[in-house]
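The listed protein sequences correspond, in order, to chains A and B. Residue 193 in full-length UniProt numbering sits at position 193 of the first sequence; the count goes up by one each step and never skips. Residue 114 in full-length UniProt numbering sits at position 114 of the second sequence; the count goes up by one each step and never skips. Cβ atoms here follow ideal geometry from the backbone N, Cα and C, with glycine treated the same way. Scroll down for the structure; my scribbles are underneath it.
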Amino acid sequence: MEEGNKIPKSASSRLCCRCNERKPALKRPKTLEQICRKCFYEVFEEEIHQVIVGNQLFKAGERVAIGASGGKDSTVLAYVMSELNRRHNYGLDLFLLSVDEGITGYRDDSLETVKRNEVQYGLPLKIVSYKELYGWTMDEIVKVIGLKNNCTFCGVFRRQALDRGAAYLKVDKLVTGHNADDIAETVLLNILRGDVARLSRCTSITTGEDGPIPRCKPFKYTYEKEIVIYPCSYCKNLNQNHTYAYFKKLDYFSTECIYSPNAYRGFAREFIKDLERIRPRAIVDIIKSGENFRISTSTKMPEQGTCERCGYISSQKWCKACVLLEGLNRGLPKLGIGRSRGLENGNGNRKDMEQNGDVRSIESKQCGSLDF
Amino acid sequence: MACNSGNCQSNCHQNEQVAENDSIPTPTTGSNDGGHQQQQGVCLKCKVSPPISSGSGGGGTGDEARFCADCFRANLFGKFRLAVTSHAMITPSDNVLVAFSGGVASRVALQFVHEMQQRAQKNYEASKDRSLPVFGVGVAFVDESSVCSISKDGVEEAIQEMKSTVSKLAPPVKQFHVVSSASLYSSGSSDEKDRLKKLIGAVDDVTGKDDLLMHLRMWALQKVASENGYTKLVLGLCTSRIACHVIAATVKGQGYSLSADIQYVDARWEVPVVLPLRDCTTQELSILCRIDGLKPSQLVNDLPSGINGLISSFVRLLQEENPSRESTIVRTAGKLTPFHFNRVPEINDSNVPLATIRRQKRYNLKPQESISSESFCPICNSPVIDSNSPSWGSPKTCQFTEFASSCCSSCQFQILPQDQLSMKEFCSLLPERLVARSKPKYNGNLDMLREQIQDCLLSDSDGET
Numbered sequence: 001m002e003e004g005n006k007i008p009k010s011a012s013s014r015l016c017c018r019c020n021e022r023k024p025a026l027k028r029p030k031t032l033e034q035i036c037r038k039c040f041y042e043v044f045e046e047e048i049h050q051v052i053v054g055n056q057l058f059k060a061g062e063r064v065a066i067g068a069s070g071g072k073d074s075t076v077l078a079y080v081m082s083e084l085n086r087r088h089n090y091g092l093d094l095f096l097l098s099v100d101e102g103i104t105g106y107r108d109d110s111l112e113t114v115k116r117n118e119v120q121y122g123l124p125l126k127i128v129s130y131k132e133l134y135g136w137t138m139d140e141i142v143k144v145i146g147l148k149n150n151c152t153f154c155g156v157f158r159r160q161a162l163d164r165g166a167a168y169l170k171v172d173k174l175v176t177g178h179n180a181d182d183i184a185e186t187v188l189l190n191i192l193r194g195d196v197a198r199l200s201r202c203t204s205i206t207t208g209e210d211g212p213i214p215r216c217k218p219f220k221y222t223y224e225k226e227i228v229i230y231p232c233s234y235c236k237n238l239n240q241n242h243t244y245a246y247f248k249k250l251d252y253f254s255t256e257c258i259y260s261p262n263a264y265r266g267f268a269r270e271f272i273k274d275l276e277r278i279r280p281r282a283i284v285d286i287i288k289s290g291e292n293f294r295i296s297t298s299t300k301m302p303e304q305g306t307c308e309r310c311g312y313i314s315s316q317k318w319c320k321a322c323v324l325l326e327g328l329n330r331g332l333p334k335l336g337i338g339r340s341r342g343l344e345n346g347n348g349n350r351k352d353m354e355q356n357g358d359v360r361s362i363e364s365k366q367c368g369s370l371d372f
Numbered sequence: 001m002a003c004n005s006g007n008c009q010s011n012c013h014q015n016e017q018v019a020e021n022d023s024i025p026t027p028t029t030g031s032n033d034g035g036h037q038q039q040q041g042v043c044l045k046c047k048v049s050p051p052i053s054s055g056s057g058g059g060g061t062g063d064e065a066r067f068c069a070d071c072f073r074a075n076l077f078g079k080f081r082l083a084v085t086s087h088a089m090i091t092p093s094d095n096v097l098v099a100f101s102g103g104v105a106s107r108v109a110l111q112f113v114h115e116m117q118q119r120a121q122k123n124y125e126a127s128k129d130r131s132l133p134v135f136g137v138g139v140a141f142v143d144e145s146s147v148c149s150i151s152k153d154g155v156e157e158a159i160q161e162m163k164s165t166v167s168k169l170a171p172p173v174k175q176f177h178v179v180s181s182a183s184l185y186s187s188g189s190s191d192e193k194d195r196l197k198k199l200i201g202a203v204d205d206v207t208g209k210d211d212l213l214m215h216l217r218m219w220a221l222q223k224v225a226s227e228n229g230y231t232k233l234v235l236g237l238c239t240s241r242i243a244c245h246v247i248a249a250t251v252k253g254q255g256y257s258l259s260a261d262i263q264y265v266d267a268r269w270e271v272p273v274v275l276p277l278r279d280c281t282t283q284e285l286s287i288l289c290r291i292d293g294l295k296p297s298q299l300v301n302d303l304p305s306g307i308n309g310l311i312s313s314f315v316r317l318l319q320e321e322n323p324s325r326e327s328t329i330v331r332t333a334g335k336l337t338p339f340h341f342n343r344v345p346e347i348n349d350s351n352v353p354l355a356t357i358r359r360q361k362r363y364n365l366k367p368q369e370s371i372s373s374e375s376f377c378p379i380c381n382s383p384v385i386d387s388n389s390p391s392w393g394s395p396k397t398c399q400f401t402e403f404a405s406s407c408c409s410s411c412q413f414q415i416l417p418q419d420q421l422s423m424k425e426f427c428s429l430l431p432e433r434l435v436a437r438s439k440p441k442y443n444g445n446l447d448m449l450r451e452q453i454q455d456c457l458l459s460d461s462d463g464e465t
């Protein structure tokens, strides 16, 4: 149910609103303007260029790694970055950095896509795998811990994997394909979950400037729908997930991770999809609200130190990845999950059982026969 | 729980689960039995009466299964009273107007304010020196029948019901005001209701219509409050509605002004607005209405459409998944920095007891910044971030763009029309007092400045004004 069309009707409403020459091929999801294919590409690329320049994301001569999963966001990101780098002479050295979590039937297929991208765009590729770094693949991890907390492991491991890959490539920055929908979802999630500290950081276009590798999100204001349309020349039905690319010859792999459970993010995502149908600009409005929230800068931020075990950045004695790994290697899958109550499994369980046994033995004694 | 066995022969206290009909639990076993008592039917707090949901098929969950009616009511009233006293919302010299929509929350707000007034009255009559006056209470209902799809008869009936409800809440007697949003137009215009209809019709966006009505409702309440000498305006805004507002403000790009709307006290209005039910959820308030027989009015059945409707169903969905989600949302938003006007203006009245003044000083939020001159949107009164610089010496034709640029971005998008031509007509349909709000600041500054530099000016022309 779309609300009133806010675009002033031009006299020649049957032509592309930008060039006024060609027939419109689609309605832009962001603004609902009628636009022809060529103008769409131009305006898509131009807006991203403005975001990069306006926020001074890069300096000439920098080495930049593009986090590439083989999915639509990172494929389009790789293409657009190399295009704009060439067209506007950013002077950047671009690399593709991919993470192999070891998920059969998902990651191994998408990695093939990234390898093709390496050839297609001429960008050197580095793949870091969980197996190499940690000695565990996600499949193995899931076998041990089940399907409940696997996203925690994957997310924590991936963050460190990207940083280590970036360090190996000796790059100055990392760019990821997080789009406007992603950031809007994150803003909502942080409100729902009470995380004010994250709320103040999640809308920044560059994060981690005080950490090992700064990360940027050039797609911060780019709609997911537009990223989907971009590779396709013929978009009759915008609701379909196109896995086939025509004109731009961009091919990408389009499936969800096979382990994605009913993650809480699903609630926010559904809501945003419904919202976009009523008012497309709401997505950018959410991001704007997130930027403008009055959050005191004296909010407690964690103190930064280094992990004793691996030297990675950490606010605790051990970084989260080391804690989780320790748990995996010692057969304590719950170590590091949830609030710390000390060891709550393995040894802990045995301890509990003993206690219960004692209590039961007290209980089974008859009154008056208790020894104090 | 010393004895688990049924074979025990001694006269020790048996396990609670066995004695279902025992009404008085033993004190020694009290603390461990919290979980068990839930199933077996005694209020957690007083441990005497049965919980609310017992006897009704035992299907109640949450508070209904945990507390008896008296403890539940006391708990809710306790939250209300704590909010009122710790924020000095109602002082003896106040004249309080309760905004009454007929819904569950405002019915409870009215009831609690009345009970508080009754107690104050009793104390007054009992005290020898009669030093503490009793605060006054009035009730106001905003009649939107001219712009909503409710039948005239339906509204009349509802108003009569409300009148009788209010008259039953005496002594002390409370005045009942019925005000229409159309009354915002200067008196004397006979076509108020038509203008209002045209104004709402001129807004294309469904959500914009909803929100504009809501803003006009507040202006109407402010009008009736200030014209009748009220000093505080009580709204029944509860946790659930505030949670929806948090999401709504985020979605509409109003993140900056959000913290202004959700505090206990909002003193940017002429008559400060207070929210004593801020910590109560709609569910709790509905339960109270049910057990105390407080009937909500039939009028409040309009399901919001557009984005507001989407948000209510979203929050409802989240609440079903986790019953404390609404509180978490409000708590998160509560961590945002409030504005300098989010506290009760300092009381300088000699009639107010010293204790109240001291308490107010203690709880007043310390301002994070010096009192800056915020500019406010003329339509929704929200503080505007980086307001546009005034256009000095603007010719007549630009006054509408000036008005538009003084509005917040959300109102600019969803309420104001997009093109110049419609803008002019729209401004003529708005109540004058709203349009006037965007002007004085600049003109005032200009005059002041001119005074300061008057003696340096050579030319006498009015070109700069």
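DSSP three-state assignment for residue i, whether helix, strand or coil
i, result
"aspartate 266 (chain B)", "strand"
"arginine 450 (chain B)", "helix"
"cysteine 216 (chain A)", "strand"
"glutamate 344 (chain A)", "For glutamate 344 (chain A), the predicted structure reports a pLDDT of 39, less than 50, and the residue's modelled location is therefore unreliable. The matter cannot be settled from this model."
"asparagine 95 (chain B)", "strand"
"aspartate 194 (chain B)", "helix"
"lysine 47 (chain B)", "coil"
"serine 375 (chain B)", "strand"
"alanine 140 (chain B)", "strand"
"threonine 206 (chain A)", "strand"
"glycine 78 (chain B)", "helix"
"leucine 174 (chain A)", "strand"
"valine 384 (chain B)", "strand"
"residue 466 (chain B)", "Because chain B in this structure spans residues 1 to 465, residue 466 (chain B) falls outside the shown range and cannot be described."
Alpha-carbon spacing of residue i relative to residue j, whole angstroms
i, j, result
"leucine 162 (chain A)", "lysine 225 (chain A)", "26 Å"
"leucine 94 (chain A)", "leucine 275 (chain A)", "36 Å"
"cysteine 16 (chain A)", "glycine 155 (chain A)", "43 Å"
"aspartate 195 (chain A)", "proline 172 (chain B)", "46 Å"
"cysteine 411 (chain B)", "glycine 102 (chain A)", "50 Å"
"isoleucine 272 (chain A)", "valine 271 (chain B)", "37 Å"
"proline 338 (chain B)", "leucine 92 (chain A)", "44 Å"
"glycine 236 (chain B)", "alanine 333 (chain B)", "19 Å"
"residue 448 (chain A)", "proline 304 (chain B)", "A question about residue 448 (chain A) goes unanswered here, because the residues of chain A that appear run from 1 up to 372."
"tyrosine 244 (chain A)", "valine 228 (chain A)", "No answer about tyrosine 244 (chain A) holds up, because its pLDDT of 33 lies below 50 and its placement is not dependable."
"threonine 203 (chain A)", "glycine 70 (chain A)", "24 Å"
"glutamine 304 (chain A)", "serine 314 (chain A)", "6 Å"
"alanine 120 (chain B)", "valine 134 (chain B)", "6 Å"
"phenylalanine 153 (chain A)", "proline 212 (chain A)", "21 Å"
"isoleucine 200 (chain B)", "histidine 215 (chain B)", "12 Å"
"isoleucine 205 (chain A)", "leucine 258 (chain B)", "22 Å"
"valine 99 (chain A)", "leucine 416 (chain B)", "49 Å"
Under 8 Å between C-beta atoms of residue i and residue j
i, j, result
"valine 113 (chain B)", "valine 234 (chain B)", "yes"
"leucine 288 (chain B)", "valine 108 (chain B)", "yes"
"valine 315 (chain B)", "alanine 243 (chain B)", "yes"
"histidine 177 (chain B)", "glycine 138 (chain B)", "yes"
"serine 146 (chain B)", "leucine 196 (chain B)", "yes"
"leucine 192 (chain A)", "arginine 325 (chain B)", "yes"
"leucine 169 (chain A)", "alanine 65 (chain A)", "yes"
"alanine 68 (chain A)", "leucine 97 (chain A)", "yes"
8 Å contact criterion, which residue i and residue j should meet: CB distance rounded
i, j, result
"glutamine 254 (chain B)", "serine 289 (chain A)", "6 Å"
"residue 484 (chain B)", "leucine 434 (chain B)", "Nothing about residue 484 (chain B) can be reported from this structure: the residues present for chain B run from 1 to 465 only."
ask   = What alpha helix (DSSP H) runs, 4 residues minimum, are completely inside the segment 103-143 of chain A?
value = 107-121, 130-134
request  = Let me know the beta strand (DSSP E) ranges lying completely inside the segment 13-100 of chain A, each 3 residues or longer, listed in chain order.
outcome  = 63-67, 93-100
inquiry  = Report the start-end ranges of each alpha helix (DSSP H) in the segment 276-328 of chain A that is 4 residues or longer and not cut off at the edges.
reply    = 282-292
ask   = Counting only runs that start and end within the segment 215-278 of chain B, where is the alpha helix (DSSP H) found for 4 or more residues in a row?
value = 239-251, 258-261
inquiry  = In chain order, what are the residue ranges of uninterrupted beta strand (DSSP E) at least 3 long that sit wholly in the segment 111-191 of chain B?
reply    = 136-143, 175-180
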